[in-house]
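Under the numbering used here, the first residue of the sequence shown is numbered 11, with each subsequent residue one higher.
Backbone N, C-alpha and C define an ideal beta-carbon position, used for all residues, glycine too.
All values reported here derive from a predicted model rather than from experimental measurement.
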Amino acid sequence: MVRLDWEDNADEVEDVCKGSFRSAVIRILGIHGGDAEVRGEAFRRFKLYVDDRERNPLDGDLRGTIFKVAICQDEEEVFKSLKMMYSNITYPEERKDCLVAMASVLDSKRHADMIDFVLFSEKVRLQDIVFLVSHLSTVSDLGGKNCWSLMKDRFEALQEQYGSGPMWPALVASCVKGLRTLEEAQEVEAFFEDKKRSPGSGSSRLRQALETVRTKVGRVQRDRDDIRDFLDSISEAL
11 MVRLDWEDNA DEVEDVCKGS FRSAVIRILG IHGGDAEVRG EAFRRFKLYV DDRERNPLDG
71 DLRGTIFKVA ICQDEEEVFK SLKMMYSNIT YPEERKDCLV AMASVLDSKR HADMIDFVLF
131 SEKVRLQDIV FLVSHLSTVS DLGGKNCWSL MKDRFEALQE QYGSGPMWPA LVASCVKGLR
191 TLEEAQEVEA FFEDKKRSPG SGSSRLRQAL ETVRTKVGRV QRDRDDIRDF LDSISEAL
(Lines of atoms letter the chains of each structure in order from A and count residues from 1; the text may use other names and numbers.)
(Lines give C-alpha, C1' and ligand atoms only; values in the text may rest on other atoms or scores of the structure.)
Protein backbone atom coordinates (compact mmCIF):
# COMPACT_ATOMS: atom_id res chain seq x y z
CA MET A 1 0.00 0.00 0.00
CA VAL A 2 3.02 2.28 0.24
CA ARG A 3 3.12 2.90 -3.52
CA LEU A 4 -0.60 2.60 -4.18
CA ASP A 5 -1.76 4.60 -1.13
CA TRP A 6 -5.42 4.96 -0.09
CA GLU A 7 -6.26 7.85 -2.38
CA ASP A 8 -4.91 9.71 -5.40
CA ASN A 9 -2.55 12.60 -4.93
CA ALA A 10 -3.99 16.01 -5.71
CA ASP A 11 -1.78 16.39 -8.81
CA GLU A 12 -2.70 12.97 -10.26
CA VAL A 13 -5.15 12.59 -13.12
CA GLU A 14 -8.23 10.64 -12.00
CA ASP A 15 -7.94 7.02 -13.12
CA VAL A 16 -11.03 4.82 -12.79
CA CYS A 17 -9.02 1.65 -13.32
CA LYS A 18 -6.57 2.58 -10.58
CA GLY A 19 -9.44 3.22 -8.19
CA SER A 20 -10.90 -0.22 -8.83
CA PHE A 21 -7.46 -1.81 -8.55
CA ARG A 22 -6.82 -0.04 -5.23
CA SER A 23 -10.15 -1.29 -3.89
CA ALA A 24 -9.32 -4.87 -4.93
CA VAL A 25 -5.87 -4.76 -3.32
CA ILE A 26 -7.24 -3.39 -0.03
CA ARG A 27 -9.98 -6.02 -0.01
CA ILE A 28 -7.53 -8.87 -0.63
CA LEU A 29 -5.02 -7.66 1.95
CA GLY A 30 -7.56 -6.69 4.58
CA ILE A 31 -10.16 -9.45 4.31
CA HIS A 32 -8.39 -12.48 2.89
CA GLY A 33 -4.83 -11.66 3.93
CA GLY A 34 -5.66 -10.42 7.42
CA ASP A 35 -3.13 -7.57 7.11
CA ALA A 36 -3.22 -5.79 10.48
CA GLU A 37 -2.04 -2.45 9.10
CA VAL A 38 -4.65 -2.40 6.34
CA ARG A 39 -7.42 -3.41 8.74
CA GLY A 40 -6.36 -0.75 11.21
CA GLU A 41 -6.32 2.00 8.59
CA ALA A 42 -9.71 0.95 7.19
CA PHE A 43 -11.15 1.01 10.71
CA ARG A 44 -9.68 4.47 11.35
CA ARG A 45 -11.15 5.86 8.14
CA PHE A 46 -14.48 4.20 8.88
CA LYS A 47 -14.75 5.85 12.30
CA LEU A 48 -13.91 9.25 10.83
CA TYR A 49 -16.62 8.74 8.21
CA VAL A 50 -19.18 7.75 10.82
CA ASP A 51 -18.35 10.82 12.91
CA ASP A 52 -18.75 13.26 10.03
CA ARG A 53 -19.47 12.01 6.51
CA GLU A 54 -19.24 15.47 4.95
CA ARG A 55 -15.85 16.36 6.37
CA ASN A 56 -14.41 12.86 5.96
CA PRO A 57 -15.90 11.48 2.73
CA LEU A 58 -15.01 8.09 1.28
CA ASP A 59 -14.49 7.58 -2.43
CA GLY A 60 -17.29 5.57 -4.01
CA ASP A 61 -14.80 2.95 -5.23
CA LEU A 62 -13.51 2.42 -1.69
CA ARG A 63 -16.53 2.94 0.54
CA GLY A 64 -17.89 -0.62 0.40
CA THR A 65 -14.41 -2.12 0.70
CA ILE A 66 -13.57 0.02 3.74
CA PHE A 67 -16.84 -1.03 5.38
CA LYS A 68 -16.05 -4.73 4.82
CA VAL A 69 -12.43 -4.48 5.95
CA ALA A 70 -13.36 -2.38 9.00
CA ILE A 71 -15.84 -5.01 10.16
CA CYS A 72 -12.97 -7.51 10.21
CA GLN A 73 -11.16 -5.25 12.68
CA ASP A 74 -14.01 -4.70 15.17
CA GLU A 75 -17.13 -6.59 14.16
CA GLU A 76 -19.29 -5.51 17.09
CA GLU A 77 -18.66 -1.77 16.83
CA VAL A 78 -18.74 -1.59 13.03
CA PHE A 79 -21.90 -3.70 12.75
CA LYS A 80 -23.69 -1.44 15.21
CA SER A 81 -22.52 1.70 13.40
CA LEU A 82 -23.49 0.34 9.97
CA LYS A 83 -26.97 -0.59 11.15
CA MET A 84 -27.50 2.89 12.54
CA MET A 85 -26.07 4.46 9.39
CA TYR A 86 -28.34 2.35 7.20
CA SER A 87 -31.38 3.69 9.03
CA ASN A 88 -30.30 7.31 8.60
CA ILE A 89 -29.19 7.50 4.97
CA THR A 90 -31.20 7.46 1.76
CA TYR A 91 -28.59 7.03 -0.97
CA PRO A 92 -29.26 3.51 -2.43
CA GLU A 93 -25.64 2.61 -3.22
CA GLU A 94 -24.42 3.58 0.22
CA ARG A 95 -27.26 1.66 1.88
CA LYS A 96 -26.31 -1.40 -0.16
CA ASP A 97 -22.67 -1.02 0.91
CA CYS A 98 -23.87 -1.04 4.52
CA LEU A 99 -25.94 -4.18 4.01
CA VAL A 100 -23.21 -6.13 2.22
CA ALA A 101 -20.71 -5.34 4.97
CA MET A 102 -23.24 -6.26 7.66
CA ALA A 103 -23.86 -9.56 5.85
CA SER A 104 -20.15 -10.39 6.27
CA VAL A 105 -20.36 -10.88 10.04
CA LEU A 106 -18.98 -14.10 11.49
CA ASP A 107 -20.36 -13.92 15.03
CA SER A 108 -23.20 -16.44 15.30
CA LYS A 109 -25.71 -14.16 17.03
CA ARG A 110 -25.04 -11.14 14.81
CA HIS A 111 -25.25 -13.40 11.75
CA ALA A 112 -28.65 -14.72 12.88
CA ASP A 113 -29.82 -11.18 13.65
CA MET A 114 -28.78 -10.08 10.18
CA ILE A 115 -30.71 -12.91 8.50
CA ASP A 116 -33.79 -11.90 10.46
CA PHE A 117 -33.25 -8.22 9.59
CA VAL A 118 -32.94 -8.94 5.87
CA LEU A 119 -35.95 -11.23 5.63
CA PHE A 120 -38.45 -9.90 8.14
CA SER A 121 -37.72 -6.27 9.05
CA GLU A 122 -39.26 -4.90 5.83
CA LYS A 123 -36.41 -2.36 5.82
CA VAL A 124 -34.55 -4.03 2.94
CA ARG A 125 -35.58 -3.63 -0.69
CA LEU A 126 -37.03 -6.78 -2.22
CA GLN A 127 -34.48 -6.69 -5.05
CA ASP A 128 -31.63 -6.84 -2.51
CA ILE A 129 -32.89 -9.68 -0.33
CA VAL A 130 -31.78 -12.72 -2.38
CA PHE A 131 -28.30 -11.32 -2.97
CA LEU A 132 -27.85 -10.67 0.75
CA VAL A 133 -29.15 -14.09 1.83
CA SER A 134 -26.79 -15.69 -0.69
CA HIS A 135 -23.91 -13.71 0.82
CA LEU A 136 -24.95 -14.63 4.37
CA SER A 137 -25.17 -18.29 3.36
CA THR A 138 -21.67 -18.46 1.88
CA VAL A 139 -19.69 -16.11 4.14
CA SER A 140 -18.62 -19.08 6.31
CA ASP A 141 -19.48 -22.69 7.14
CA LEU A 142 -21.62 -21.40 9.99
CA GLY A 143 -23.37 -19.02 7.61
CA GLY A 144 -24.68 -21.84 5.46
CA LYS A 145 -25.94 -23.73 8.51
CA ASN A 146 -27.64 -20.64 9.94
CA CYS A 147 -29.50 -19.90 6.71
CA TRP A 148 -30.67 -23.47 6.37
CA SER A 149 -31.76 -23.51 10.04
CA LEU A 150 -33.84 -20.41 9.43
CA MET A 151 -35.48 -22.02 6.40
CA LYS A 152 -36.37 -25.08 8.51
CA ASP A 153 -37.53 -23.22 11.60
CA ARG A 154 -39.50 -20.47 9.88
CA PHE A 155 -40.52 -22.13 6.65
CA GLU A 156 -44.22 -21.29 7.04
CA ALA A 157 -43.49 -17.60 7.68
CA LEU A 158 -41.08 -17.43 4.74
CA GLN A 159 -43.50 -19.20 2.42
CA GLU A 160 -46.35 -16.93 3.45
CA GLN A 161 -44.31 -13.78 2.87
CA TYR A 162 -42.37 -14.76 -0.26
CA GLY A 163 -43.82 -18.02 -1.61
CA SER A 164 -46.11 -16.45 -4.19
CA GLY A 165 -43.52 -14.00 -5.49
CA PRO A 166 -40.89 -14.30 -8.23
CA MET A 167 -37.99 -14.28 -5.77
CA TRP A 168 -39.08 -17.46 -3.93
CA PRO A 169 -37.07 -19.94 -6.06
CA ALA A 170 -33.87 -17.96 -5.63
CA LEU A 171 -34.52 -17.51 -1.91
CA VAL A 172 -34.96 -21.27 -1.39
CA ALA A 173 -31.73 -21.97 -3.30
CA SER A 174 -29.81 -19.26 -1.42
CA CYS A 175 -30.74 -20.76 1.96
CA VAL A 176 -29.29 -24.11 0.85
CA LYS A 177 -26.27 -23.28 -1.29
CA GLY A 178 -23.95 -22.61 1.67
CA LEU A 179 -24.15 -26.14 3.05
CA ARG A 180 -20.93 -28.17 2.91
CA THR A 181 -21.68 -31.87 3.50
CA LEU A 182 -23.59 -34.71 1.88
CA GLU A 183 -25.42 -35.31 5.15
CA GLU A 184 -26.76 -31.76 5.09
CA ALA A 185 -27.90 -32.18 1.48
CA GLN A 186 -29.76 -35.34 2.47
CA GLU A 187 -31.34 -33.47 5.38
CA VAL A 188 -32.66 -30.83 2.97
CA GLU A 189 -34.20 -33.48 0.74
CA ALA A 190 -35.84 -35.21 3.70
CA PHE A 191 -37.27 -31.90 4.92
CA PHE A 192 -38.94 -31.11 1.61
CA GLU A 193 -40.32 -34.61 1.12
CA ASP A 194 -43.15 -33.64 3.47
CA LYS A 195 -45.99 -32.37 1.25
CA LYS A 196 -46.77 -29.68 3.82
CA ARG A 197 -43.32 -28.22 3.14
CA SER A 198 -43.25 -28.34 -0.64
CA PRO A 199 -40.78 -25.86 -2.19
CA GLY A 200 -43.36 -25.22 -4.93
CA SER A 201 -41.95 -23.00 -7.65
CA GLY A 202 -38.55 -23.32 -5.97
CA SER A 203 -38.22 -27.05 -6.75
CA SER A 204 -35.97 -26.64 -9.79
CA ARG A 205 -33.64 -24.12 -8.13
CA LEU A 206 -33.52 -26.31 -5.03
CA ARG A 207 -32.33 -29.31 -7.08
CA GLN A 208 -29.66 -27.13 -8.70
CA ALA A 209 -28.48 -25.85 -5.32
CA LEU A 210 -28.22 -29.37 -3.92
CA GLU A 211 -26.30 -30.49 -6.98
CA THR A 212 -23.91 -27.59 -6.39
CA VAL A 213 -23.42 -28.67 -2.77
CA ARG A 214 -22.67 -32.25 -3.84
CA THR A 215 -20.29 -31.08 -6.56
CA LYS A 216 -18.34 -28.99 -4.05
CA VAL A 217 -18.15 -31.88 -1.60
CA GLY A 218 -16.87 -34.16 -4.35
CA ARG A 219 -14.27 -31.61 -5.41
CA VAL A 220 -12.97 -31.27 -1.86
CA GLN A 221 -12.74 -35.03 -1.42
CA ARG A 222 -10.98 -35.40 -4.77
CA ASP A 223 -8.45 -32.60 -4.41
CA ARG A 224 -7.71 -32.09 -0.72
CA ASP A 225 -4.82 -34.57 -0.48
CA ASP A 226 -3.12 -33.12 -3.57
CA ILE A 227 -3.57 -29.58 -2.27
CA ARG A 228 -2.23 -30.55 1.16
CA ASP A 229 0.83 -32.13 -0.44
CA PHE A 230 1.38 -29.05 -2.62
CA LEU A 231 1.17 -26.66 0.33
CA ASP A 232 3.45 -28.87 2.41
CA SER A 233 6.04 -28.84 -0.38
CA ILE A 234 5.95 -25.03 -0.49
CA SER A 235 6.29 -24.86 3.29
CA GLU A 236 9.32 -27.13 3.20
CA ALA A 237 10.91 -25.08 0.42
CA LEU A 238 10.60 -21.94 2.50
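Worksheet item: Glu47: which of Ser97, Pro67, Cys82 and Lys28 sits nearest, CA to CA?
Response: Cys82
Practice prompt. Determine the closest residue to Ile76 out of Asp107, Gln218 and Arg234, with distance taken between C-alpha atoms.
Written response: Asp107
Discussion item. Starting from Lys90, trace the alpha helix (DSSP H) in both directions and tell me its first and last residue.
Written reply: Element bounds for Lys90: Glu85 to Asn98.
Worksheet entry | Opening and closing residue of the alpha helix (DSSP H) in which Pro179 lies | Note, Pro179: alpha helix (DSSP H), Trp178 to Ser184.
Worksheet item: Do you know how far the Cα of Glu103 is from the Cα of His145?
Response: 17 Å
Discussion item. Since Leu181 and Val140 should fall inside the 8 Å C-beta cutoff, what is the C-beta to C-beta distance between them, to a whole number of angstroms?
Written reply: That belief holds up - the Cβ atoms of Leu181 and Val140 are roughly 6 Å apart, short of 8 Å.
Fill in: Per-residue DSSP class, three states only, for Arg300
No answer is possible for residue 300: it lies beyond the span of the chain, which begins at 11 and ends at 248.
Worksheet item: DSSP three-state call for Asp204: helix, strand or coil?
Response: coil
Practice prompt. Rank Val110, Ser147, Val60 and Asp117 by C-alpha distance to the C-alpha of Arg135 and give the top, closest one.
Written response: Nearest in C-alpha terms to Arg135, of all of Val110, Ser147, Val60 and Asp117, is Val110.
Discussion item. Tell me the residue span of the alpha helix (DSSP H) that contains Lys226.
Written reply: Here the alpha helix (DSSP H) through Lys226 covers Ser213 to Ala247.
Worksheet item: Could you give the distance in angstroms between the alpha-carbon of Leu72 and the alpha-carbon of Lys119?
Response: 28 Å
Discussion item. For a test of the three-state rule: what should DSSP assign to Leu14, helix, strand or coil?
Written reply: When DSSP states are grouped into helix, strand and coil, Leu14 belongs to the coil group.
Discussion item. Under DSSP, the alpha helix (DSSP H) around Ile125 begins and ends at which residues?
Written reply: Ser118 to Phe130
Worksheet entry | Ser150 versus Asp126, Leu160, Phe127 and Lys187, residue with shortest Cα-Cα distance | Lys187
Worksheet item: What does a CB cutoff of less than 7 Å around Ala80 pick up in its chain, not counting 5 residues either side in sequence?
Response: Once the five neighbours on either side are set aside, the close Cβ partners of Ala80 are Ala52, Phe53, Phe56 and Val88.
Worksheet item: To the nearest angstrom, how far is it from the Cα of Thr225 to the Cα of Met177?
Response: If you draw a straight line from the Cα of Thr225 to the Cα of Met177, it comes to about 24 Å.
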